[in-house]
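Asks: Have a look at the structure that comes next, please.
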Amino acid sequence: ERGMFNMDFSHNTLLERFLENEASHPDIICKPKIHGKPTGLAYESIRDFIERIYHREKVRIPLEESIAVTKIILAIMESARKKMPITVGHALGNL
Numbered sequence: 108e109r110g111m112f113n114m115d116f117s118h119n120t121l122l123e124r125f126l127e128n129e130a131s132h133p134d135i136i137c138k139p140k141i142h143g144k145p146t147g148l149a150y151e152s153i154r155d156f157i158e159r160i161y162h163r164e165k166v167r168i169p170l171e172e173s174i175a176v177t178k179i180i181l182a183i184m185e186s187a188r189k190k191m192p193i194t195v196g197h198a199l200g201n202l
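Residue numbers (my numbering): 108 to 202.
Spelled out as structure tokens, the structure:
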């Protein structure tokens, strides 16, 4: 009878459920189950990648772009750890 749902698309806990005696953050992005089958952005991305490798098909994201994004993520983490800007460099090409 009492409770509320809060939706805030600015962070990873998009959906919050508050009931009288409990609160939860249902997973609607990474691995929710629909009709008993795992689905969601992260799950589908990984599934697609594995199926393309298995069937020897071209992957959706080129290797060079994947490497560049990984370097950016590592630079963000290093910047946060050192609490200062980090230069990523020219290794990113045209990204």
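For glycine and all other residues, C-beta sits at the position ideal for the given N, C-alpha and C.
#1: Could you check which residue in R109, D134 and G110 has the C-alpha nearest to that of F116?
#2: Cutting at 6 Å between CB atoms, please list the residues of its own chain near E123, excluding the five before and the five after it.
#3: Please report the distance separating the alpha-carbon of L170 from that of G143.
#4: Cutting at 8 Å between CB atoms, please list the residues of its own chain near L121, excluding the five before and the five after it.
#5: If we ignore side chains and look at the alpha-carbon of each, how far apart do S186 and V176 end up?
Replies: Concretely, from the data shown:
#1: Within the sequence shown, the letter at position 9 stands for residue 116. The shortest C-alpha separation from F116 is found at D134.
#2: Counting from 1 along the sequence shown, the entry for residue 123 is found at position 16. For E123, where only same-chain residues beyond five positions count, the Cβ hits under 6 Å are N113 and H132.
#3: The residue labelled residue 170 in the question sits at position 63 within the sequence shown. The residue labelled residue 143 in the question sits at position 36 within the sequence shown. One C-alpha to the other measures close to 33 Å.
#4: For the purposes of this step, residue 121 is taken as the residue at position 14 of the sequence shown. So the qualifying residues of the chain are M114, D115, I135 and I136.
#5: On the sequence shown, residue 186 is found 79 positions in, with the first residue counted as 1. On the sequence shown, residue 176 is found 69 positions in, with the first residue counted as 1. Across the structure, S186 and V176 are spaced so that their CA atoms are roughly 15 Å apart.
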